[in-house]
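S.K.: So the sequence shown is numbered by my numbering: it starts at 4 and just counts up by one.
Can you keep this structure in mind? I'll have questions shortly.
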Amino acid sequence: MAAHSARPRLTVLSGPSGVGKSTVVAHMRKEHPEVWLSVSATTRRPRPGERDGVHYFFADDGEFDKLIANGELLEWAEFAGNRYGTPREAVMDRLEAGEPVLLEIDLQGARQIRESMPEAQLVFLAPPSWEELVRRLTGRGTEAPEVIERRLEAARTELAAESEFDTTLVNTSVEDVANELLALMRVA
Ligand SMILES: Nc1ncnc2c1ncn2[C@@H]1O[C@H](COP(=O)(O)OP(=O)(O)OP(=O)(O)O)[C@@H](O)[C@H]1O
Ligand SMILES: Nc1nc2c(ncn2[C@@H]2O[C@H](COP(=O)(O)O)[C@@H](O)[C@H]2O)c(=O)[nH]1
């Protein structure tokens, strides 16, 4: 991790599906739009309201294969039946400009970033309880029951890997966690 006094250049936010990563990041960026969040590529179908190039770059399998083959992804992973990856160039451009960069990615991606960019700061977002995680994921209403099952199965693995991260934040209050994340990124 970066030295304590320096601003971490790259921050990775991970945690089980439904814990509230996107909610926390959206809250944080409302107050601090200068925080740059990488837009991932994915083979997942858009949810209602999701826009290409804003929430994700939506790709079919062939397009995603090409991104991998051309080395255009900094990391990528298969998660609950879909592939997700971080476009390399945009992240590198921001880092070269000295701007803080935030990635919101799964455990497999966080592990790849740990390998390739050991100076990155890895933050784990944890739920207040397993029951609350299930409630949030189910209550979001965006996934079919079998997809929720796959995501909860992945969540058990992700929760067991918490100790691999530099810091854990428990998402009880969105506002508190957003402020804690800003402080970790040394933006606020
Ligand atoms: N602190 C909180 N208290 C109560 N509900 C919350 C809190 N944070 C997020 N939620 C709710 O939990 C649900 C899941 O949140 P969100 O979509 O942000 O999770 P996520 O971690 O980004 O999920 P995924 O990894 O699947 O994209 C949403 O309905 C959101 O409104
Ligand atoms: N390894 C990566 N994981 C990513 C990336 N972008 C998002 N994600 C993670 O996927 C799951 C599911 O996301 P959802 O939008 O379908 O709910 C979640 O944990 C995301 O953080 C990425 O580029 N690489």
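Don't be surprised by glycine CBs; every beta carbon is placed ideally from N, CA and C.
Please confirm if the region 117-130 is in contact with the region 165-177, defined as three or more CB-CB distances below 8 Å between the two stretches.
M.R.: Yes: the two stretches touch, three or more of their Cβ pairs being nearer than 8 Å.
S.K.: Using 6 Å as the cut-off, classify the Cβ of S43 as near or not near the heavy atoms of ligand 2, replying yes or no.
M.R.: To locate residue 43, count along the sequence shown from 1; it is residue 40. It does: the Cβ of S43 is within 6 Å (strictly closer) of some heavy atom of ligand 2.
S.K.: Do the region 95-105 and the region 128-140 meet, that is, are 3 or more Cβ pairs less than 8 Å apart?
M.R.: The region 95-105 is not in contact with the region 128-140.
S.K.: Within 10 angstroms of the Cβ of S119, are there 16 or more other Cβ atoms? Answer buried if so, exposed if not.
M.R.: Reading the sequence shown from its first residue, position 116 is the one you call residue 119. Exposed, by the Cβ-count rule.
S.K.: Look up F60 in the DSSP assignment and give the residues it is bridged to.
M.R.: Position 57 of the sequence shown, counted from the start, is the residue given in the question as residue 60. Answer is A44, bridged to F60.
S.K.: Quick one: does the C-beta of N174 sit closer than 6 Å to a heavy atom of ligand 1?
M.R.: Position 171 of the sequence shown, counted from the start, is the residue given in the question as residue 174. Within the cutoff, so yes.
S.K.: By alpha-carbon positions, which one of S41, E152, A83 ends up nearest to L105?
M.R.: Working through the sequence shown from its first residue, we reach residue 105 at position 102. The shortest Cα separation from L105 among S41, E152, A83 belongs to S41.
S.K.: Which same chain residues, not among the five before or five after E156, have their C-beta less than 6 Å away from its C-beta?
M.R.: Counting from one through the sequence shown, the residue named residue 156 turns up at place 153. The answer is none, since no qualifying residue turns up.
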